[in-house]
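Q: Numbering (our numbering), first residue to last: 17 to 470.
Ideal placement from N, C-alpha and C gives every residue a C-beta, glycine not left out.
Just so you know, these numbers come straight off a predicted model, no measurement behind them.
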Ligand SMILES: *Cc1c(COP(=O)(O)O)cnc(C)c1O
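(1) Apart from the five residues on each side of it in sequence, which residues of its chain come closer than 6 Å, Cβ to Cβ, to residue 381?
(2) Within this structure, are the beta carbons of residue 216 and residue 255 separated by less than 7 Å?
(3) What whole-angstrom Cβ distance do residue 378 and residue 457 have, given they're in contact under 8 Å?
(4) Take residue 224 and list the residues in its own chain whose beta-carbon comes closer than 7 Å to its own, dropping the five residues that flank it on each side.
(5) Please determine if the stretch 240-249 and the stretch 416-435 are in contact, where contact requires at least 3 C-beta pairs separated by less than 8 Å.
(6) Could you name the residues of the same chain whose beta carbon sits closer than 7 Å to that of residue 36, not counting the 5 residues immediately before and after it, in chain order?
(7) Is it right to say residue 182 is buried, meaning 16 or more other beta carbons lie within 10 angstroms of its own, or is it exposed?
(8) Less than 6 Å between the CB of residue 333 and some heavy atom of ligand 1, yes or no?
(9) Since residue 128 sits in a beta bridge, which residues does DSSP pair it with?
(10) So, residue 335 versus residue 106, is the Cβ gap smaller than 7 Å?
(11) Could you give the distance in angstroms between the alpha-carbon of residue 291 and the alpha-carbon of residue 96?
(12) Check the DSSP bridge columns for residue 213 and list the partner residues they point to.
(13) Name, in chain order, the residues that DSSP records as bridge partners for residue 50.
(14) Grab the span of the beta strand (DSSP E) containing residue 309 for me, first residue to last.
(15) Taking 6 Å as the cut-off, is the C-beta of residue 135 nearer than that to any heavy atom in ligand 1?
(16) Can you find the residues in the same chain that come closer than 6 Å, C-beta to C-beta, to residue 141, ignoring five residues on each side of it along the sequence?
(17) Using a Cβ-based criterion (distance less than 6 Å to any ligand heavy atom), does residue 235 qualify as near ligand 1?
(18) Consult DSSP for residue 432 and reduce its assignment to one of helix, strand or coil.
(19) CB of residue 310 to nearest heavy atom of ligand 1: below 6 Å?
(20) If you check the beta carbons only, do residue 61 and residue 53 fall under 7 Å apart?
(21) Would you report the Cα separation of residue 409 and residue 356, rounded to the nearest angstrom?
(22) Report back the beta-carbon spacing between residue 280 and residue 249 to the nearest angstrom; my notes put them in contact at under 8 Å.
(23) With a floor of 4 residues, list each alpha helix (DSSP H) that falls wholly inside the stretch 54-100, ordered by position along the chain.
(24) Spatial neighbours of residue 17 within its chain, please: C-beta separation below 7 Å, excluding the five flanking residues on both sides.
(25) State the DSSP-derived secondary structure class of residue 400, mapped to helix, strand or coil.
(26) DSSP beta-bridge partners for residue 336?
(27) Would the beta-carbon of residue 271 fall within 7 Å of that of residue 297?
(28) For the candidate residues 438, 330, 285 and 395, whose alpha-carbon lies nearest to that of residue 416?
(29) Using 10 angstroms around the beta-carbon of residue 127, count the other beta-carbons present and answer buried if the total reaches 16, otherwise exposed.
(30) Taking DSSP as the reference, what is the three-state secondary structure of residue 350?
(31) DSSP three-state label for residue 142, please.
(32) What are the boundary residues of the alpha helix (DSSP H) that residue 259 is part of?
(33) Anyone know if the C-beta pair for residue 209 and residue 251 falls short of 7 Å?
(34) Do you know whose CA, among 24, 197, 33 and 44, lies nearest residue 423's CA?
(35) Can you tell me whether residue 35 is helix, strand or coil according to DSSP?
(36) Which partner residues of residue 192 appear in the DSSP bridge assignment?
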């Protein structure tokens with residue numbers, strides 16, 4: 017351990033961490049980054065297969081963003097968008113976002129993060145139903161294993177039981193249904209398409225249980241990201257849409273990971289062929305260069321809200337000029353350089369095929385899945401019976417640590433292993449990432465064989 021790693025935990029409590037363990041074992045200190053690579057203070061060059069936390073879509077080190085930030089800070093470092101004021105950076109970003117959004121989305125509401133986008137969405141959905149004279153529609157339905165952030169609204173909307181346990185969540189008025197996880201939840205002989213319909217129908221059952229007059233919205237990630245890249249069957253989202261229409265319930269897509277090109281379209285709901293009423297974003301909106309989030313609000317919801325008078329909600333940093341200017345440049349780069357089209361036509365299909373081919377040789381790996389540049393697979397003890405390893409998460413962490421020690425960042429979500437590299441990754445870089453991963457998986461299989469006495 018270097019001095020910096022020792023000092024790193026002296027005065028800093030880390031999020032989502034066992035801080036006692038960090039104090040004993042230290043942390044890795046990342047000092048610079050370029051393209052798909054990050055570098056630590058010991059000089060290691062590391063492939064960032066996760067694009068930070070699923071957010072550095074245009075890759076690291078784009079000087080244009082730094083220049084824009086400096087210029088904007090010199091011109092107008094801060095002003096708010098409350099009380100009848102605005103500024104050019106946020107006006108320009110809003111016009112750009114409306115231009116790339118699907119038809120029917122002409123307004124955005126700004127926040128500082130994905131969690132704040134989700135909280136704002138919850139507030140907005142309830143305000144909408146009040147505004148259109150249906151105040152009893154208050155309950156939001158999410159999914160187990162969904163991730164919607166870590167504020168009180170976000171943690172409640174999400175379905176992470178380990179998070180709920182700390183502090184007594186979810187809050188009142190938020191309930192959950194089971195996730196559309198085909199591999200783990202399908203019945204003998206059931207096809208993916210059949211399972212997709214059955215999983216969507218869990219929503220209808222829940223609505224009938226609560227009463228449609230009490231339900232405000234259904235909220236889901238097009239692909240469950242932090243839940244382990246759970247990709248629903250093609251029948252799932254269209255059926256969800258039907259159910260929401262049938263019972264007059266708002267459909268909300270949480271696009272914080274899927275948004276801004278991850279699935280090979282601007283937004284995940286375009287890839288899955290459904291039309292939400294509202295969608296939340298953050299992460300890829302600025303490629304993580306500065307914190308900013310945006311809630312895209314569909315025309316029907318805007319119309320309702322306009323009848324409702326004051327919306328008593330907003331953040332000091334909503335539409336922050338420097339973050340807005342940087343986000344605009346980021347979106348322009350994604351657009352002008354054809355980065356998303358390249359993911360759709362080239363690097364996405366290439367990476368998926370490569371993972372599938374490479375992983376087929378390993379006996380503890382199953383359910384290889386991907387869309388665009390988001391990929392997942394699951395570690396299982398027995399492929400034939402789909403038996404999982406005991407102590408969920410332990411095996412995933414073991415493999416994750418092998419990746420780390422070989423200078424490849426991948427993430428374990430329980431025993432699901434996931435990748436989400438910068439969208440600018442080239443085919444050669446994909447080859448390099450997978451060659452490294454292959455070596456790690458061999459090391460993992462050998463270790464697991466001896467652990468199981470196989
Ligand atoms: C990361 C994430 C969030 C929370 O975003 P923060 O910026 O960490 O608050 C919300 N929803 C989804 C789908 C996410 O992946």
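A: Per the coordinate set shown:
(1) Within the chain shown, residue 381 is the residue found at index 365, counting from 1. Only 375 and 393 meet the Cβ criterion.
(2) As a first step, residue 216 must be located in the chain shown, where it is residue number 200. As a first step, residue 255 must be located in the chain shown, where it is residue number 239. Yes.
(3) In the chain shown, residue 378 corresponds to position 362, counting from 1. In the chain shown, residue 457 corresponds to position 441, counting from 1. Indeed they touch by this definition, with Cβ atoms about 5 Å apart.
(4) Here residue 224 corresponds to residue number 208 of the chain shown, with the count starting at 1. Contacts found: none.
(5) yes
(6) Position 20 of the chain shown holds residue 36. Counting only Cβ-Cβ distances below 7 Å, and skipping sequence neighbours, we find nothing.
(7) One-based indexing of the chain shown puts residue 182 at position 166. It is exposed - the Cβ of residue 182 has fewer than 16 other Cβ atoms within 10 Å.
(8) Taking the chain shown and counting its residues from 1, the one referred to as residue 333 is at position 317. Answer for residue 333: no, Cβ out of range of ligand 1.
(9) Within the chain shown, residue 128 is the residue found at index 112, counting from 1. DSSP output for residue 128 lists no bridge partner at all.
(10) Position 319 of the chain shown holds residue 335. Position 90 of the chain shown holds residue 106. In this structure, residue 106 lies closer than 7 Å to residue 335 by Cβ.
(11) Within the chain shown, numbered from 1, the residue matching residue 291 stands at position 275. Within the chain shown, numbered from 1, the residue matching residue 96 stands at position 80. Spanning the two alpha carbons is a distance of roughly 31 Å.
(12) In the chain shown, counting from the first residue as 1, residue 213 sits at position 197. Residue 213 is not bridged to any residue.
(13) The count along the chain shown starts at 1 and reaches residue 50 at position 34. Note: residue 50 sits in a beta bridge opposite 53.
(14) Indexing the chain shown from 1 puts residue 309 at position 293. First-last of the beta strand (DSSP E) with residue 309: 309-314.
(15) Walking along the chain shown from the start, residue 135 turns up at place 119. Residue 135 Cβ: outside cutoff for every heavy atom of ligand 1.
(16) In the chain shown, counting from the first residue as 1, residue 141 sits at position 125. Correct list, in chain order: 232, 233 and 266.
(17) The sequence position of residue 235 within the chain shown is 219, counting from 1. Not so, every heavy atom of ligand 1 lies at least 6 Å from the Cβ.
(18) On the chain shown, residue 432 is found 416 positions in, with the first residue counted as 1. It is a strand residue.
(19) As a working note, residue 310 is residue 294 in the chain shown. No, ligand 1 has no heavy atom inside 6 Å of this Cβ.
(20) Working through the chain shown from its first residue, we reach residue 61 at position 45. Working through the chain shown from its first residue, we reach residue 53 at position 37. Taking 7 Å as the Cβ cut-off, residue 61 and residue 53 qualify as a contacting pair.
(21) Position 393 of the chain shown, counted from the first residue, corresponds to residue 409. Position 340 of the chain shown, counted from the first residue, corresponds to residue 356. For residue 409 and residue 356, the distance between alpha carbons rounds to 32 Å.
(22) Residue numbering aside, residue 280 sits at position 264 when the chain shown is read from its first letter. Residue numbering aside, residue 249 sits at position 233 when the chain shown is read from its first letter. Their Cβ separation, rounded to whole angstroms, is 18 Å, which puts residue 280 and residue 249 out of contact at 8 Å.
(23) 67-70 and 79-91
(24) In the chain shown, residue 17 corresponds to position 1, counting from 1. Here the model assigns residue 17 a pLDDT of 49, short of 50, so the residue's position is not dependable, and the following value carries that caveat. Taken in chain order, the residues that qualify are 42.
(25) Position 384 of the chain shown, counted from the first residue, corresponds to residue 400. Coil at residue 400, not helix or strand.
(26) For this step, residue 336 is matched to residue 320 along the chain shown. Note: residue 336 sits in no beta bridge, so no partner.
(27) Here residue 271 is taken as the residue at index 255 of the chain shown, counted from 1. Here residue 297 is taken as the residue at index 281 of the chain shown, counted from 1. Yes.
(28) Here residue 416 corresponds to residue number 400 of the chain shown, with the count starting at 1. If we check each option's Cα against that of residue 416, 395 comes out closest.
(29) As a working mapping, residue 127 is identified with position 111 in the chain shown. With 16 or more neighbouring CB atoms inside 10 Å of its own CB, residue 127 falls in the buried class.
(30) In the chain shown, counting from the first residue as 1, residue 350 sits at position 334. Three-state result, residue 350: helix.
(31) The sequence position of residue 142 within the chain shown is 126, counting from 1. Helix.
(32) For this step, residue 259 is matched to residue 243 along the chain shown. From DSSP, the alpha helix (DSSP H) with residue 259 extends over 252-262.
(33) Taking the first residue of the chain shown as position 1, residue 209 is located at position 193. Taking the first residue of the chain shown as position 1, residue 251 is located at position 235. Contact: yes.
(34) Mapped onto the chain shown, residue 423 falls at position 407. Out of 24, 197, 33 and 44, 44 has the C-alpha closest to the C-alpha of residue 423.
(35) For the purposes of this step, residue 35 is taken as the residue at position 19 of the chain shown. Looking at residue 35 - three-state DSSP - the assignment turns out to be helix.
(36) As a working mapping, residue 192 is identified with position 176 in the chain shown. Answer by DSSP bridge pairing, in chain order: 158.
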